[in-house]
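Here is the structure we will look at, set down as structure tokens.
Chains as they are written, first to last, in the numbering used here: chain A, 112 to 277; chain B, 23 to 571.
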């Protein structure tokens with residue numbers, strides 16, 4: 112039926128074309144960042160049992176902390192917990208400038224967040240899952256890591272710090 | 023021509039939705055400013071101790087009542103009105119709608135008890151393994167299922183109308199309202215599954231633990247389309263009511279308005295992973311796909327922006343508006359309903375831009391769970407949606423009750439105060455987020471807050487104070503209108519804009535339901551299926567509950 116053709120005003124058509132181009136540009140920018148520049152978001156790493164992850168001697172989070180795996184390269188096992196007093200273990204880390212640190216973070220109770228200020232590290236910490244992300248620390252200074260997900264009454268005081276020495 | 027008469031009983035029924043909505047807003051909005059004041063260093067929570075135990079309990083009340091109860095009740099009332107008035111036909115099974123409504127009311131009361139007794143301080147996202155009292159989950163279930171039942175009442179009304187009018191195009195306000203209802207029914211399957219298969223049996227002690235990653239995935243299946251459930255009723259008003267109110271304009275493009283609603287139905291649900299970009303248990307490839315679809319759902323909003331502005335301009339030019347932008351001054355700004363909706367639209371535009379930043383897979387790494395996020399959604403749901411609903415109520419309440427709007431001047435002041443207060447509040451929240459301030463934190467007490475945040479934290483408090491004033495005026499205008507002794511001489515005219523095009527020329531395929539519904543379900547299966555299948559296959563119910571508040 113000829114009356115069934117869709118009528119689109121010329122200004123409207125131009126606006127829709129403009130909108131489509133704009134969105135393609137955004138999508139391209141995101142794609143370039145993701146695939147060209149290697150911006151990482153957490154990927155499924157490992158499942159753990161939150162009931163035993165902090166106590167089982169074979170779990171790296173029973174002894175959380177920094178391990179130097181090669182000169183200037185570190186693995187940081189960090190445990191987030193609300194019980195007993197809303198903190199990360201360890202509370203403080205120290206690495207020399209130029210270090211590459213891979214974080215492995217999990218929770219032994221509720222959900223938490225983990226955001227290292229002034230870096231691109233910002234992810235969820237979910238019981239049963241391990242969040243992994245690698246960060247280069249080039250500039251000396253103190254970088255707080257703070258909890259960004261509500262985890263009970265101590266949520267606002269939950270933080271730790273990485274000191275990057277010159 | 024006399025307008026279609028909605029029966030007194032139906033007007034009362036729609037009005038009771040408004041009553042619950044506004045009561046929820048009244049209580050919930052008491053707590054919004056308290057969060058803002060805390061940021062500025064004026065912490066009132068210690069004085070509320072006997073009643074409200076903590077900042078987080080206040081935040082739970084604010085989130086649940088404002089984001090879930092105020093919106094859902096207002097929307098179900100408004101959509102019911104649109105279906106009846108649009109189809110010019112009474113409800114087919116009013117009992118069904120009533121049952122749905124009362125289920126929702128019972129649900130709100132059931133959930134309110136544990137919230138107010140500090141047994142459910144889990145915020146409106148209620149992420150497990152934070153474990154609320156079972157009544158909280160029962161209450162939420164009743165609200166959702168009640169809204170489904172009301173929706174079925176609307177669908178049966180449509181089917182009856184269709185039988186009586188086999189070849190007619192569905193009138194736009196009814197058409198768009200039915201799509202919004204359908205969108206809600208599809209997307210809430212996520213949260214319903216979360217509660218019924220995990221949270222409720224767990225809170226009752228029937229199962230030992232839950233899988234928090236799977237629970238989050240179910241939650242965000244519903245969580246993002248939820249914002250379209252909030253937004254689309256405001257869009258309906260901007261498309262079909264506002265042009266008429268603002269200057270007797272006509273709806274510029276009926277065809278594209280309908281197409282936009284179908285695109286919303288298809289694209290609103292399969293993009294929930296953009297809330298989970300930094301979740302460890304979701305593969306990055308799927309996060310990327312959802313980010314692309316998120317950009318896609320921006321497209322119908324751009325269509326909406328064009329049609330709405332063109333419809334407003336059409337009216338303004340007829341009334342002598344000139345120039346590229348000067349015609350905006352010819353809009354009927356002195357009508358509080360118009361002022362509120364126009365101002366809501368302006369701030370929503372900026373909220374949309376911020377949303378694109380959140381949707382960007384990479385930029386989100388800087389923004390995730392910072393104060394930027396509440397800054398963003400106070401422009402969208404708390405202004406684009408809420409201020410529009412306030413504007414709608416400025417004509418809807420007089421229409422339903424036959425009472426004159428009390429002091430329209432104060433209603434206009436209310437809209438402007440909301441606009442100004444929200445600019446100050448939201449701008450400072452966005453900046454704080456970029457500086458690294460987390461959301462959901464009483465920042466005045468947090469030990470890691472640097473001095474450079476202080477000036478912004480005070481602006482959050484100032485914005486909150488102006489919003490508190492505006493909210494108070496809104497409630498006063500509503501109360502005084504409901505009790506007004508002055509009545510309107512003739513029934514308030516429902517301001518529905520005609521279509522500029524001949525509606526009978528709107529293509530028939532835009533009025534067919536089945537292909538769009540199949541398309542919607544197929545896309546959901548394609549982009550959610552594999553991840554959900556994997557998460558369910560590897561489900562580990564290893565998280566016991568915690569009550570750490």
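In this text, a Cβ means the ideal position worked out from N, Cα and C, and glycines have one as well.
Q.
By the 9 angstroms beta-carbon criterion, what residues does the stretch 384 to 396 of chain B contribute toward chain A?
A. Those residues of the stretch 384 to 396 of chain B that come within reach of chain A (Cβ to Cβ, closer than 9 angstroms) are 384, 385, 386, 387, 388, 389, 390, 391 and 392.
Fill in: Strand pairing of residue 240/A, partner residues [DSSP]
Bridge pairing for residue 240/A: 158/A [DSSP].
What runs of the alpha helix (DSSP H), each 4 residues or longer, lie entirely inside the stretch 113 to 153 of chain A?
121 to 142, all fully within the stretch 113 to 153 of chain A.
Ignore the nearest five residues each way along the sequence and tell me which others in residue 443/B's own chain have a CB closer than 7 angstroms to its CB. So the qualifying residues of the chain are 485, 488, 489 and 492.
Practice item. Check whether the stretch 265 to 278 of chain B touches the stretch 228 to 236 of chain B, taking contact to mean three or more Cβ pairs, one atom from each stretch, closer than 8 angstroms. Key: Contact fails: fewer than three Cβ-Cβ distances are below 8 angstroms.
Margin query: Is the beta carbon of residue 549/B closer than 9 angstroms to that of residue 315/B?
Written below: With contacts defined as CB atoms closer than 9 angstroms, residue 315/B and residue 549/B qualify as a contacting pair.
### Message
Quick check: does the Cβ of residue 414/B come within less than 8 angstroms of any heavy atom belonging to the ligand ZN?
### Response
Absence of the ligand ZN from the depicted structure is noted, as is the absence of any ligand whatsoever, leaving it without description.
- residue 303/B: contacting residues in chain A (beta-carbon distance under 7 angstroms): The answer, in chain order, is 155, 237 and 240.
Note to self: Is residue 247/A close to chain B? Criterion is C-beta to C-beta, closer than 9 angstroms.
What the structure shows: Not an interface residue.
Check your understanding: Straight-line CA distance for residue 271/A to residue 257/A?
Key -> A straight line joining the alpha-carbon of residue 271/A with that of residue 257/A spans about 6 angstroms.
Q: Have a look at residue 317/B and residue 206/B and give me their C-alpha separation to the nearest angstrom.
A: Their backbone Cα atoms lie some 21 angstroms apart in a straight line.
Should residue 68/B be labelled buried (16 or more other beta-carbon atoms within 10 Å of its own) or exposed?
Flag for residue 68/B reads exposed.
message = Can you check which of these residues, 460/B, 94/B, 373/B and 383/B, is closest to residue 392/B by C-alpha distance?
response = Minimum Cα distance to residue 392/B is reached at 460/B.
Reduced DSSP secondary structure (H/G/I, E/B, other) of residue 52/B | Collapsing the DSSP output to three states places residue 52/B in a helix.
Alpha-carbon spacing of residue 377/B relative to residue 398/B, whole angstroms: Residue 377/B and residue 398/B: Cα-Cα distance of roughly 7 angstroms.
Query raised in the report: Taking the continuous alpha helix (DSSP H) assigned at residue 95/B, which residues delimit it?
Result: 93 to 109 is the extent of the alpha helix (DSSP H) around residue 95/B.
### Query
For the stretch 141 to 165 of chain A, which residues have a CB atom closer than 7 angstroms to at least one CB atom of chain B, in sequence order?
Within the stretch 141 to 165 of chain A, contact with chain B at the beta-carbon level (separation under 7 angstroms) is assigned to 141, 144, 145, 150, 152, 153, 154, 155, 156, 158, 160, 161 and 162.
Hey, how far is the Cα of residue 438/B from the Cα of residue 354/B? Straight-line Cα distance between these residues: approximately 14 angstroms.
Thinking C-beta only, is residue 440/B closer than 9 angstroms to residue 496/B? When the beta-carbon positions are compared, residue 496/B and residue 440/B come within less than 9 angstroms of each other.
- Contact set between the stretch 215 to 227 of chain A and chain B, restricted to residues whose Cβ is under 8 angstroms from the partner: Along the stretch 215 to 227 of chain A, going in chain order, the ones with a CB nearer than 8 angstroms to a CB of chain B are 220, 221, 222, 224 and 226.
If you measure from the beta carbon of residue 198/A to each beta carbon in chain B, is any gap under 9 angstroms?
Not an interface residue.
Open item on the list: Would you say residue 273/B lies against chain A (beta-carbon separation less than 9 angstroms)?
Closed with: Not flagged as an interface residue toward chain A: residue 273/B, since no C-beta distance is shorter than 9 angstroms.
Margin query: Tell me which residues share the same chain as residue 538/B and place their Cβ nearer than 8 angstroms to its Cβ, disregarding the 5 neighbours each side in the sequence.
Written below: Cβ contact annotation for residue 538/B (same chain, cutoff 8 angstroms, sequence separation greater than five): 284, 287 and 288, in chain order.
Checklist entry - Any beta-carbon of chain B closer than 9 angstroms to the one on residue 120/A? => result Yes, because at least one Cβ of chain B sits closer than 9 angstroms to the Cβ of residue 120/A.
request  = Give a yes or no on whether 9 angstroms exceeds the smallest Cβ distance from residue 461/B to chain A.
outcome  = Answer yes: the Cβ-Cβ gap between residue 461/B and chain A drops below 9 angstroms somewhere.
Quick check: the Cα distance between residue 182/A and residue 206/A, rounded to an integer number of angstroms? Cα to Cα, residue 182/A sits roughly 11 angstroms from residue 206/A.
_With a threshold of 9 angstroms between beta-carbons, can residue 114/A be considered close to chain B, or not?_
Confidence at residue 114/A is low in this model, with a pLDDT of 46, below 50, so its placement is unreliable and no value can be given for it.
* Enumerate in chain order the residues of its own chain whose CB-to-CB distance from residue 114/A is below 8 angstroms, with the five nearest sequence positions on each side excluded. => Any reading at residue 114/A is ruled out, since the residue's pLDDT is 46, under 50, leaving its predicted position unreliable.
Exercise. Pull out every residue of the stretch 467 to 485 of chain B whose Cβ sits closer than 7 angstroms to any Cβ of chain A, in chain order.
Key: Near chain A, meaning a CB-to-CB distance below 7 angstroms, the residues of the stretch 467 to 485 of chain B are 467, 468, 469 and 470.
### Message
Strictly under 9 angstroms for the Cβ-Cβ distance: is residue 264/A near chain B by that measure?
### Response
True, the Cβ-Cβ gap to chain B drops below 9 angstroms.
Can you give, in chain order, each stretch of the alpha helix (DSSP H) that sits fully within the stretch 459 to 506 of chain B and has at least 4 residues? Assignment of alpha helix (DSSP H) within the stretch 459 to 506 of chain B, counting only whole runs of 4 or more residues, yields 476 to 504 in chain order.
| query | Given a threshold of 16 other Cβ atoms within 10 Å of its Cβ, counted over all protein chains shown, does residue 259/B qualify as buried or as exposed? | reply | That one is buried.
Check your understanding: With C-beta atoms as the reference, is residue 152/B less than 9 angstroms away from residue 159/A?
Key -> The Cβ atoms of residue 152/B and residue 159/A do not sit closer than 9 angstroms to each other.
Exercise. What does residue 76/B touch in chain A if you count any residue whose Cβ is under 7 angstroms from its own?
Worked result: Within chain A, the residues 264 have their CB atoms less than 7 angstroms from the CB of residue 76/B, given in chain order.
- Are at least three pairs of beta-carbons, each pair with one atom in the stretch 31 to 42 of chain B and one in the stretch 89 to 104 of chain B, less than 8 angstroms apart? Using a Cβ-Cβ distance cut-off of 8 angstroms, the stretch 31 to 42 of chain B and the stretch 89 to 104 of chain B are in contact, since at least three pairs of beta carbons, one from each stretch, lie closer than that value.
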